[in-house]
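Undergrad:
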Amino acid sequence: MQVATECALIELPLCYPAIASCHSDRLIQVFVKRMLGNSSRVDKDVWVLQGGPGASSVAMEYMMLDLFTTTNGTANIYTMDHRGTGRSHPLECVAAQASTPGSAEGDAISIDELPACIRDVLFQIDGQTAAFSITSAATDLFMLTKGLRPSSDHNVIVYGASYGTLLVERVMQLGPGHIQGFVLDGVVAQVNHSFAQFDHDINAAGSRFLEKCARNSFCHSKFPDFVTGNIPLGRVLLRIYERLDARLPGGVDGSLCRPAANWTDTPPSNTLRRFLTTLLMSATLRTMIPAVMYRLHRCTREDDHVLTFMQRKIQRPSHGHGRTIVPIHGLVGGDELLEFTPMLYNLIVFSEEWSYPTPSQAEMKRYVESQPFGLGVYDLVPAYCVATNYADAACQAHRPASRTRALPPPFTYARDAYFNRTSTIPLHASVLFLSGTLDPQTEIHHGRAQYAAINGTQKRWIEFPDAPHCTAFQTPMMKGDVHCGVYVVASYVMGYGKLELVNTSCMAKRVPLSFHVPPKIALAYFGTTDAFDGELNVAALDDIAVSLKAVPAISQSTGPNPDSKEMLGSAVYLPIMFIVLAGIVMQRRQRNRADVTAAVVELAPSTLVGQL
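Each residue of the sequence shown is one higher than the last, beginning at 411 in this note's numbering.
Listed below in structure tokens is the structure:
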């Protein structure tokens, strides 16, 4: 199928009149991309929005193509980069050079670089932080969905993934009479949601995942003594952490599992916990979790070799010695700064999506260290304190001892009338809620709460059993490379937002949850086709020979060194509210696109402004 694709930079106000705390007459450019419908009757516009906050639309392009084909070319498919990220006036530290490869933390922003970065960004935006609020971004979407419609009778449906659901919910609050349908996939609740509680949500989903392992005959067989003894597998994982952190021998050979014990100079459990949590977020890679646990618990010399191979696969060299605040999304090839903008993430999260006042870093850290899963959101507390000028009591411990340099201005904006309030479904519109029951990023209780609280009756809730985050991307089918979530959304689009026409028949054809690691994935990450019991492949043995010689002697020191890290070490890797592509999309398809052509057209910034 031939696909015509157009791209445009559209000029929009930096400050909208309705944003009371924003004052500027400047214009900014916002990036929009669309695939033009090519059937004889194109009567629908579908907008698909990424999350973050701070993630660009790059990850949405696969879904755009899937929706285009499943709606038979009857719809124009749009996406955009939220203002402040990607190609839409990104909030980058250009003068401060904090996110350049040669800076202290490479493309990440360290806590030491953050004050200068804040001053830099504030200078670029005339100090108008409210210009990059959720409401400002939602106003862009309101204006564009209305202004780019070919005619007033064109049906408009807006899809939000992850944090993108909060953006779509904010659009609802603006009263868009021209939008007939809203799809919320991986739902962020509008009331009482906090990124500071993210590790709690991860463990709620993680516990259910491990419970399913314990009830599965194959997975059960790998941990029989614990399962029959009613010891939760989460507790087994905590015992592994305790042994690795203490550098105590264990396993059948009394081995230390040297690779895992030496992952980082900080407690090895920090690295291992974050690594397993990242796996938990992927429908494909989470099957590796029981196998990693099994080998770490058994810990033979062969397990040592396999785990060494895995370590080499996942680690990356450290870029510097400062504390990293929000490392750039690091598992997807391409221009990382184009894909994720950490300063926009900081601005929105610390202004509207945190706990006020902030919990202390020590309190948050104690919780994570008592749990089997977690990314360590506590590492964001120092950045929150810098952005808020150390206003909260818990921030006093992070205030610089030296007062020789003035603090930067606050890097937050005032919360508006829409904050912490639930939307009302607009007249003549409907809302479709999609959620996976094993979603660690937007845990299902948030979606259920939002569904119950939203005002209006034209709504439908659909759960995808055992699915992780974002059903349009993580509900693979037994045949084909289009996910079940896409088929459900497509039926909603083809039914012009009529909830009774939504087709969920694809549920019966989904790939079921399995704890067997596919041989290709096992070979890629374990160096053997049998993730649980296989010996290292000969080629893999050659690959790790140097690494085995280079493993340092195990340190007797138990004192943490916060300056040392490897991949997912002491840094916070936060694929929190956007779609994580780490092996998800690229592994699920290597699509032959010989039959797809894209005519990319760069439109002048002023071309479409007159329609708004």
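Here a beta-carbon is modelled for each residue, glycine too, at the ideal position from N, C-alpha and C.
Small disclaimer: the values here were computed from a predicted structure and weren't measured.
Note down the Cα distance separating P818 from F760, rounded to an integer number of angstroms.
TA: Between P818 and F760, the C-alpha separation is close to 15 Å.
Undergrad: Out of L501, L946, R451, P678, which one is the CA nearest neighbour of G483?
TA: Looking at the Cα atoms, R451 is the closest of the given residues.
Undergrad: According to the Cβ coordinates, are L437 and V593 closer than 8 Å?
TA: It is not a contact, given that the beta carbons lie outside the stated cut-off.
Undergrad: Going by DSSP, what residue range makes up the beta strand (DSSP E) through V566?
TA: From DSSP, the beta strand (DSSP E) with V566 extends over 565-571.
Undergrad: Just to confirm, are H715 and L946 a CB contact at a threshold of 8 Å?
TA: Yes.
Undergrad: So what does Y488 bridge to, in DSSP terms?
TA: Y488 is bridged to R444, W457.
Undergrad: Taking the alpha carbon of A469 as the point to measure from, which residue in F883, I521, C805 has its own alpha carbon closest?
TA: Of F883, I521, C805, the residue nearest in Cα terms is F883.
Undergrad: Quick check: the stretch 796-809 against the stretch 830-837, are at least 3 beta-carbon pairs closer than 8 Å?
TA: Flag = no, the stretch 830-837 and the stretch 796-809 do not touch.
Undergrad: Are the Cβ atoms of C894 and M917 separated by less than 8 Å?
TA: Closer than 8 Å, so yes.
Undergrad: Looking at the structure shown, is T681 part of a helix, part of a strand, or coil, going by DSSP?
TA: Three-state DSSP puts T681 in a helix.
Undergrad: Report the rounded CA-to-CA distance for V578 versus M698, giving the unit in angstroms.
TA: Distance between the alpha carbons of V578 and M698: 34 Å.
Undergrad: Cα separation between S431 and D563?
TA: Roughly 35 Å separates the two Cα atoms.
Undergrad: How would you call K975, buried or exposed, if buried means at least 16 neighbouring beta carbons within 10 angstroms?
TA: Any answer about K975 is weak, because its pLDDT of 30 lies below 50 and its placement is not dependable; what the coordinates show is given next. Under this definition K975 is a buried residue.
Undergrad: Quick check on M887: does DSSP put it in helix, strand or coil?
TA: DSSP places M887 in strand when its eight states are reduced to three.
Undergrad: Return the bridge partner residues of S498 from the DSSP annotation.
TA: BP columns for S498 point to T495.
Undergrad: Buried or exposed: where does N613 fall if 16 or more other Cβ atoms within 10 Å of its Cβ makes it buried?
TA: So N613 ends up on the buried side.
Undergrad: Give the range of the beta strand (DSSP E) segment to which V504 is assigned.
TA: Run containing V504: none; DSSP gives neither H nor E here.
Undergrad: So what does DSSP say about K908, is it helix, strand or coil?
TA: Here K908 sits in coil by DSSP.
Undergrad: Given a cut-off of 8 Å on the beta-carbon distance, is the pair V903 and V456 in contact?
TA: Closer than 8 Å, so yes.
Undergrad: Looking at C-alpha atoms only, which residue of C417, L757, E910 is the closest neighbour of R529?
TA: The candidate whose alpha carbon is nearest that of R529 is L757.
Undergrad: Between A599 and P769, is the Cβ-Cβ spacing less than 8 Å?
TA: No; because the gap between Cβ atoms is not below 8 Å, this pair is not in contact.
Undergrad: Helix, strand or coil: how does DSSP classify E853 here?
TA: Reduced to three states, the DSSP call for E853 is coil.
Undergrad: Check whether the stretch 567-586 touches the stretch 538-556, taking contact to mean three or more Cβ pairs, one atom from each stretch, closer than 8 Å.
TA: Counting Cβ pairs under 8 Å, three or more are found: they touch.
Undergrad: In this structure, how does DSSP classify I931 when only helix, strand and coil are distinguished?
TA: It is helical.
Undergrad: Which residue marks the beginning of the alpha helix (DSSP H) containing L658, and which one marks its end?
TA: No alpha helix (DSSP H) holds L658; DSSP gives it neither H nor E.
Undergrad: Determine, using beta carbons only, whether K443 and A485 come nearer to each other than 8 Å.
TA: It is not a contact, given that the beta carbons lie outside the stated cut-off.
Undergrad: Take every Cβ of the stretch 788-804, pair it with every Cβ of the stretch 625-638, and state whether three or more of those distances are shorter than 8 Å.
TA: No contact exists between the stretch 788-804 and the stretch 625-638.
Undergrad: Flag V566 as yes if its beta-carbon sits less than 8 Å from any beta-carbon of chain D, otherwise no.
TA: The structure shown contains no chain D; it is built from a single protein chain.
Undergrad: Measuring straight from C-alpha to C-alpha, what distance separates T481 and S901?
TA: If you take the alpha carbons of T481 and S901, they lie about 8 Å apart.
Undergrad: Compare the C-alpha of L424 against each of R684, S780, G537 and name the closest.
TA: That would be G537, whose Cα lies nearest to the Cα of L424.
Undergrad: So the candidates are F829, P782, Q851, Y755; which of them puts its Cα closest to the Cα of F542?
TA: When each option's Cα is compared against that of F542, the closest is Y755.
Undergrad: Unbroken alpha helix (DSSP H) runs of length 4 or more, entirely within the stretch 795-841: which are they?
TA: DSSP runs (the alpha helix (DSSP H)) wholly in the stretch 795-841: none.
Undergrad: Taking contact to mean 3 or more Cβ pairs, one atom from each stretch, closer than 8 Å, check whether the stretch 634-646 and the stretch 770-778 are in contact.
TA: Touching, no, given that fewer than three Cβ pairs across the two stretches are closer than 8 Å.
Undergrad: Can you have a look at E652 and say buried or exposed, based on whether 16 or more other CB atoms are within 10 angstroms of its CB?
TA: Exposed, since its Cβ has fewer than 16 Cβ neighbours within 10 Å.
Undergrad: Do G905 and F719 have their CB atoms nearer than 8 Å?
TA: No, they are not a contact pair.
Undergrad: Opposite F750 in the DSSP bridges: which residues?
TA: Per DSSP, A465.
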